[in-house]
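Undergrad: According to this note's numbering, the sequence shown holds residues 6 to 111 in order. Think of the CB as a built atom: it goes at the ideal place given N, C-alpha and C, for glycine as much as any other residue. Please read these numbers as outputs of a predicted model, since none were measured by experiment.
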Amino acid sequence: MLVLTLAGCAGPAASAQPAETTQVAMAKSYKFDPATIQVPVGATVTWTNQDNFTHDVHLLGGSDWRSKPLPPGESVSYTFAQAGEYAYECTFHPQNMKGKVIVAAP
Ligand SMILES: [Cu+2]
């Protein structure tokens with residue numbers, strides 16, 4: 006599915022603006038979409054694998070949480086209880102698949 010949340014097709018620079026959503030797709034091919042999101046403290050973020058390959062979510066630093074490998078069609082959720090910036094990547098494709106969750110204080 007295409008998501009038309011931004012005006013026009015701004016290209017890669019569009020990822021600089023965090024999207025206010027709790028839903029992240031592992032989109033075709035090998036990417037998190039949107040790559041950078043912003044959520045309030047306590048929000049549960051869900052990643053859904055819409056790609057044809059197995060991916061996961063590995064939070065870097067701090068918690069070091071890592072999801073199980075997600076085959077195509079599966080999803081996983083994580084609740085962010087503390088404010089901060091959480092960079093993450095896919096364990097299998099860290100060169101291509103990076104993302105960030107910005108958890109905003111109330
Ligand atoms: Cu991957």
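1. Comparing alpha-carbon positions, which option in 85, 93, 76 lies nearest residue 44?
2. Taking the alpha-carbon of residue 100 as reference, which of 36, 25, 87, 29 has the nearest alpha-carbon?
3. May I have the straight-line CA-CA distance separating residue 78 from residue 57, to the nearest angstrom?
4. Please go through the same chain and pick out, in chain order, the residues whose beta-carbon is closer than 7 angstroms to the beta-carbon of residue 111, but skip the five residues on each side of it.
5. Does any heavy atom of ligand 1 sit closer than 7 angstroms to the C-beta of residue 63?
TA: Well, looking at it:
1. Indexing the sequence shown from 1 puts residue 44 at position 39. Taking only the C-alpha atoms, the option nearest residue 44 is 85.
2. Your numbering for residue 100 matches position 95 in the sequence shown. Of 36, 25, 87, 29, the residue nearest in Cα terms is 36.
3. Residue mapping note: residue 78 aligns to position 73 of the sequence shown, counting from 1. Residue mapping note: residue 57 aligns to position 52 of the sequence shown, counting from 1. Just so you know, the alpha carbons of residue 78 and residue 57 end up roughly 9 angstroms apart.
4. Stepping through the sequence shown from its first residue, residue 111 is reached at position 106. 45, 46, listed in sequence order.
5. As a first step, residue 63 must be located in the sequence shown, where it is residue number 58. Residue 63 Cβ: outside cutoff for every heavy atom of ligand 1.
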